[in-house]
Amino acid sequence: MAALTIQAKGASERSSAELQDAQNKVAALQSRAEALSERLAESDVKLGIQKQMREDLAAKLDTTEEELHRQNDLRSAKLELGDLVATRNLHIVDVYDADSNGKRQRSFGRSFLY
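Just remember that this note's numbering sits 1104 ahead of the position in the sequence shown, which is counted from 1.
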């Protein structure tokens, strides 16, 4: 009986030690899960900030591209206008409208002939 009592105490102590070990592991895993959850939350915030920055930069790029196209169009128009004005046989005609009495209204157009 004494031997069985000793064995039972030993088994009980081992069970207690195993239970304590399991509880320690669960606590460690819970703390690691909390740390990973915090890191995930921080990553989500950083990702949101990066998405906003990307959208802002994309909008700025679109605006810059539009401005560049506008400047190129203006440059092209200036070159064409320079060629037109430098033409030797250039005729400029103002186009007028007349009312029902034949009275001339203000100019509403201009034609360039060369």
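The beta-carbon is built from N, C-alpha and C at its ideal position, and this holds for glycine as well.
query	result
How big is the Cα-Cα spacing for residue 1155 and residue 1138?	26 Å
First and last residue of the alpha helix (DSSP H) that includes residue 1203?	No alpha helix (DSSP H) contains residue 1203, which DSSP labels as neither H nor E.
Alpha carbon to alpha carbon, what distance is there between residue 1185 and residue 1218?	12 Å
Quick check on residue 1141: does DSSP put it in helix, strand or coil?	helix
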